[in-house]
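Peer 1: Under the numbering used here, residues 276 to 320 are what the sequence shown spells out, in order.
We put the beta carbon where it would ideally sit given N, CA and C, even for glycine.
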Amino acid sequence: MSTSNTLFSEKAATGIEGLDDILSGGLSRSHLFLLEGEPGTGKTT
């Protein structure tokens with residue numbers, strides 16, 4: 276079995292296509308991320 280066919284990916288998709296593209300598939304698992312921004316910038320969407 277190839278590494279691309281594992282039970283789960285090493286990346287967790289954010290659900291935001293453009294962000295996932297920039298991050299090469301999503302956020303790395305087993306890491307902590309802090310996303311911040313000014314009010315009204317779409318952090319909760």
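Output the distance between the C-alpha atoms of Leu309 and Thr319, rounded to the nearest integer angstrom.
Peer 2: The sequence position of residue 309 within the sequence shown is 34, counting from 1. The sequence position of residue 319 within the sequence shown is 44, counting from 1. Distance between the alpha carbons of Leu309 and Thr319: 13 Å.
Peer 1: For Ala288, which residues in the same chain have their Cβ closer than 6 Å to its Cβ, ignoring the five residues on either side in sequence?
Peer 2: As a working note, residue 288 is residue 13 in the sequence shown. Closer than 6 Å at the Cβ level, and outside the excluded window around Ala288, lie Asp295 and Gly301.
Peer 1: Express the C-alpha separation of Glu292 and Leu298 in angstroms, rounding to a whole number.
Peer 2: What you label residue 298 is simply residue 23 of the sequence shown in a count that begins at 1. What you label residue 292 is simply residue 17 of the sequence shown in a count that begins at 1. Spanning the two alpha carbons is a distance of roughly 10 Å.
Peer 1: Given this structure, state the Cα-to-Cα distance separating Ser303 from Gly317, to the nearest angstrom.
Peer 2: The count along the sequence shown starts at 1 and reaches residue 303 at position 28. The count along the sequence shown starts at 1 and reaches residue 317 at position 42. One C-alpha to the other measures close to 21 Å.
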